[in-house]
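K.L.:
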Amino acid sequence: MKMKYGANYGLKLSGLLLLYSFITVPACAQDGQEAKDKAFDGFYAGVEGGYQNIFGGALVGGRDLLAQDSKAIIGVLAGWRKQFGGGFVIGLESQWAWTDGQLNFTDPASSLTIDYDNNSQVGYGLTFGHVVGSQQKTLLYLYGYQTDRNFDVSIVGPAGTGTQRDRQGMIRYGIGFEHAVRDALHFRLNIGGVKVDFGDADTNIDVENKIDVTLGLVYQF
Numbered sequence: 000m001k002m003k004y005g006a007n008y009g010l011k012l013s014g015l016l017l018l019y020s021f022i023t024v025p026a027c028a029q030d031g032q033e034a035k036d037k038a039f040d041g042f043y044a045g046v047e048g049g050y051q052n053i054f055g056g057a058l059v060g061g062r063d064l065l066a067q068d069s070k071a072i073i074g075v076l077a078g079w080r081k082q083f084g085g086g087f088v089i090g091l092e093s094q095w096a097w098t099d100g101q102l103n104f105t106d107p108a109s110s111l112t113i114d115y116d117n118n119s120q121v122g123y124g125l126t127f128g129h130v131v132g133s134q135q136k137t138l139l140y141l142y143g144y145q146t147d148r149n150f151d152v153s154i155v156g157p158a159g160t161g162t163q164r165d166r167q168g169m170i171r172y173g174i175g176f177e178h179a180v181r182d183a184l185h186f187r188l189n190i191g192g193v194k195v196d197f198g199d200a201d202t203n204i205d206v207e208n209k210i211d212v213t214l215g216l217v218y219q220f
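Residue numbers (numbering that gives the first Met the number 0): 0 to 220.
Shown next as structure tokens:
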């Protein structure tokens with residue numbers, strides 16, 4: 000069994016979450032009365048779907064053999080954010096998604112076939128943006144989510160068959176657009192990429208070269 004973690008960004012992101020709490024908690028006590036007039040303030044939940052950069056790895060002969068594709072995801076999300084008087088918004092968000100995470104690596108020259116099987120992912124992170132427009136119903140923001148996926152790996156090669164367990168961790172980052180279309184119902188779009196660190200591992204491909212695109216509906220409580 001192999002356990003591999005693609006990026007060690009969790010501690011850094013946790014520190015940002017702690018800093019966030021020190022910034023926003025005092026502010027909540029001061030202008031909680033104004034929350035009713037703000038379109039992006041308080042708890043929210045929603046659903047999203049789209050295509051994301053999914054990749055898995057297997058340790059074979061001292062190399063980390065990666066397979067990658069843009070795959071469909073459908074998920075749910077929940078979070079809390081604070082909209083300040085000047086229009087700036089900062090938030091926390093958690094996510095769970097079903098993934099179409101079946102990948103394959105084949106090397107006919109060495110009679111090697113690897114199947115990677117993943118069907119879910121979890122994530123948490125930060126958003127930071129600003130409300131724009133005359134009606135103050137549109138939010139432009141940046142996001143960064145620590146995301147984790149687990150793969151069951153099956154290997155068939157000259158040395159026989161085997162299985163491994165692969166864990167991929169990464170930062171998903173990018174830009175987002177959210178608009179209040181009717182009362183508390185919001186539409187949103189995220190476009191971004193991934194940042195992953197394999198350390199000193201010898202990998203066969205670059206997995207930071209695909210774009211994530213997701214669409215979602217959010218209900219702002």
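By construction, the Cβ of each residue, glycine as well, lies at the ideal position given by its N, Cα and C atoms.
Within a Cβ cutoff of 6 Å, which residues of the same chain sit near phenylalanine 83, ignoring the five residues on either side of it in sequence?
P.N.:
The sequence position of residue 83 within the sequence shown is 84, counting from 1. Contacts found: none.
K.L.:
Arginine 80: buried (16+ other C-beta within 10 angstroms of its C-beta) or exposed?
P.N.:
As a position in the sequence shown, residue 80 is number 81, starting the count at 1. Classification for arginine 80: buried.
K.L.:
Label aspartate 182 either buried or exposed according to how many other C-beta atoms from any shown protein chain fall within 10 Å of its C-beta, with 16 as the threshold for buried.
P.N.:
What you label residue 182 is simply residue 183 of the sequence shown in a count that begins at 1. Under this definition aspartate 182 is an exposed residue.
K.L.:
So, for tyrosine 172: in the same chain, excluding its five sequence neighbours on each side, which residues have a beta-carbon less than 6 Å away from its beta-carbon?
P.N.:
Here residue 172 refers to the residue found at position 173 when the sequence shown is read from its first residue. Excluding residues within five positions, the ones whose Cβ falls inside 6 Å are Gly143, Gly191.
K.L.:
Going straight from the alpha carbon of threonine 202 to that of valine 46, what length do you get?
P.N.:
Locating residue 202 in the sequence shown gives position 203, counting from the first residue. Locating residue 46 in the sequence shown gives position 47, counting from the first residue. When rounded, the distance between both Cα atoms is 34 Å.
K.L.:
How big is the Cα-Cα spacing for tryptophan 95 and glycine 74?
P.N.:
Taking the sequence shown and counting its residues from 1, the one referred to as residue 95 is at position 96. Taking the sequence shown and counting its residues from 1, the one referred to as residue 74 is at position 75. The alpha-carbon atoms of tryptophan 95 and glycine 74 are separated by roughly 6 Å.
K.L.:
Give me the residue from Gln134, Gly61, Val121, Val155 with the minimum Cα distance to asparagine 222.
P.N.:
The structure shown does not extend to residue 222, since the chain is modelled only from 0 through 220, so no value can be given for it.
K.L.:
By Cβ distance, which residues of its chain are closer than 8 Å to serine 109, with the 5 residues on each side in sequence left out?
P.N.:
For the purposes of this step, residue 109 is taken as the residue at position 110 of the sequence shown. Here the set comprises Gly156, Pro157.
K.L.:
Is the region 127-136 in contact with the region 144-154, if contact means three or more CB pairs nearer than 8 Å?
P.N.:
Flag = no, the region 127-136 and the region 144-154 do not touch.
K.L.:
Alpha carbon to alpha carbon, how far is tyrosine 218 from glutamate 92?
P.N.:
Translated into positions along the sequence shown, residue 218 becomes position 219. Translated into positions along the sequence shown, residue 92 becomes position 93. Spanning the two alpha carbons is a distance of roughly 13 Å.
K.L.:
Check each candidate in Val206, Asp196, Leu216 and name the one with the smallest Cα separation from histidine 185.
P.N.:
In the sequence shown, counting from the first residue as 1, residue 185 sits at position 186. Measuring from the Cα of histidine 185, the nearest candidate turns out to be Leu216.
K.L.:
Measuring straight from C-alpha to C-alpha, what distance separates glutamine 67 and leucine 125?
P.N.:
Counted from its first residue, the sequence shown places residue 67 at position 68. Counted from its first residue, the sequence shown places residue 125 at position 126. Answer to the nearest angstrom: the Cα atoms are 26 Å apart.
K.L.:
By DSSP, does aspartate 63 sit in helix, in strand, or in coil?
P.N.:
Stepping through the sequence shown from its first residue, residue 63 is reached at position 64. Strand at aspartate 63.
K.L.:
So, at 6 Å on beta carbons, what are the nonlocal neighbours of glycine 49 in its own chain, with the 5 sequence-adjacent residues on each side left out?
P.N.:
In the sequence shown, residue 49 corresponds to position 50, counting from 1. Counting only Cβ-Cβ distances below 6 Å, and skipping sequence neighbours, we find Val212, Thr213, Leu214.
K.L.:
What separation, rounded to the nearest whole angstrom, lies between the Cα atoms of arginine 166 and glycine 122?
P.N.:
Position 167 of the sequence shown holds residue 166. Position 123 of the sequence shown holds residue 122. Their Cα atoms are separated by approximately 13 Å.
K.L.:
Whole angstroms is fine: what's the gap from leucine 76's alpha carbon to phenylalanine 39's?
P.N.:
In the sequence shown, the residue the question calls residue 76 occupies position 77. In the sequence shown, the residue the question calls residue 39 occupies position 40. Taking the straight line joining both Cα atoms gives about 15 Å.
K.L.:
For aspartate 63, which residues from the same chain have a beta carbon less than 6 Å from its beta carbon, with the 5 sequence-adjacent residues on both sides left out?
P.N.:
In the sequence shown, counting from the first residue as 1, residue 63 sits at position 64. So the list reads Gly56, Ala200, Thr202, once near-sequence residues are dropped.
K.L.:
Does DSSP put methionine 2 in a helix, in a strand, or in coil?
P.N.:
For the purposes of this step, residue 2 is taken as the residue at position 3 of the sequence shown. Caution is warranted here: a pLDDT of 44 is assigned to methionine 2, below 50, making its placement in the model unreliable, and the coordinate value is therefore given only provisionally. Note: methionine 2 maps to coil in three-state DSSP.
K.L.:
In the DSSP assignment, the beta strand (DSSP E) including glutamine 134 goes from what residue to what residue?
P.N.:
Position 135 of the sequence shown, counting from 1, holds the residue named residue 134. It is not in any beta strand (DSSP E) - glutamine 134 carries neither H nor E in the DSSP assignment.
K.L.:
Which residues does DSSP list as the beta-bridge partners of isoleucine 190?
P.N.:
Counting from one through the sequence shown, the residue named residue 190 turns up at place 191. DSSP, once it has assigned bridges, lists Ile174, Val212 as partnering isoleucine 190.
K.L.:
With distances taken Cα to Cα, identify the nearest neighbour of phenylalanine 244 among Val88, Asp196, Ile53, Lys70.
P.N.:
Only positions 0 to 220 of the chain appear in this structure, which leaves residue 244 out of reach.
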